[in-house]
Amino acid sequence: MSSESDGRAAHPNAGQDVVAVDADDTELEQVNRLDAHTGDGIRHRAFTSLVFDGDGNILLAQRAPGKRLWGTYWDGTVASHPVAGQSQADATRQRLEEELGITPDQYDDLERTDRFEYKRYFENEGVEHEVCAVLKLTLTDRSLDPDESEVAGLAWVPYDRLREHPEWYRQFRLCPWFEIAMRRDDA
Numbered sequence: 502m503s504s505e506s507d508g509r510a511a512h513p514n515a516g517q518d519v520v521a522v523d524a525d526d527t528e529l530e531q532v533n534r535l536d537a538h539t540g541d542g543i544r545h546r547a548f549t550s551l552v553f554d555g556d557g558n559i560l561l562a563q564r565a566p567g568k569r570l571w572g573t574y575w576d577g578t579v580a581s582h583p584v585a586g587q588s589q590a591d592a593t594r595q596r597l598e599e600e601l602g603i604t605p606d607q608y609d610d611l612e613r614t615d616r617f618e619y620k621r622y623f624e625n626e627g628v629e630h631e632v633c634a635v636l637k638l639t640l641t642d643r644s645l646d647p648d649e650s651e652v653a654g655l656a657w658v659p660y661d662r663l664r665e666h667p668e669w670y671r672q673f674r675l676c677p678w679f680e681i682a683m684r685r686d687d688a
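Residue numbering for the sequence shown follows my numbering, starting at 502 and increasing by one per position.
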């Protein structure tokens, strides 16, 4: 069955590629983004960026309901995939600006702090099989301009309290990659 006849061509992800990687995050090839997130998945490169303010709060962003995977779940703060030839730091800068209107002049401390591999299935919709880099930054200016097609809600939450007592924040259904990044964080 062709992708045209099974409805895949109509999905925006079918027109994008991600970088397939091995367990050490070594680039293998480009693969179709939708293929990477369906069936048993294809391991690929991803990142999650955690945005803080100067008071130890993290900015949680609720994924828009139209997202194919984990729509309406809360992320800490932006997650996506770099394209071929793009660094995770550059991809983070791009997605922060596109999704939240955060520009590089609002921070100067972007750094990669961790990397891990995980695989999680989402209902009957798909799978994430990613080698995920964690990037952190602190805003000096908390001005935001969220894109409603990407972000359904925003919340500043005390990060240490969220990490130590996630049960106190049951109103936030958290994305699996963010939960993993938070559990692994020694900060």
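Even glycine gets a Cβ: it sits at the ideal position worked out from N, Cα and C.
- Fewer than three beta-carbon pairs drawn from the region 519-538 and the region 592-605 are found closer than 8 Å, and the two stretches are therefore not classed as touching.
- Between Trp575 and Leu529, the alpha-carbon positions lie close to 30 Å from each other.
- Nearest neighbour of Thr578 by Cα position, chosen from Val584, Arg685, Glu680, turns out to be Glu680.
- DSSP, reduced to helix, strand and coil, places Glu530 within a strand of the structure shown.
- For the region 575-602, the continuous beta strand (DSSP E) assignments of 3+ residues that do not extend past its boundaries occur at 579-581, in sequence order.
- Taking 4 residues as the shortest admissible run, the region 607-638 contains no complete alpha helix (DSSP H) segment at all.
- For Ala562 against Val652, the beta-carbon gap comes to about 5 Å, under 8 Å, which counts as contact.
- Judged by DSSP secondary structure, Ala682 falls outside any beta strand (DSSP E) and instead within the alpha helix (DSSP H) spanning 677-685.
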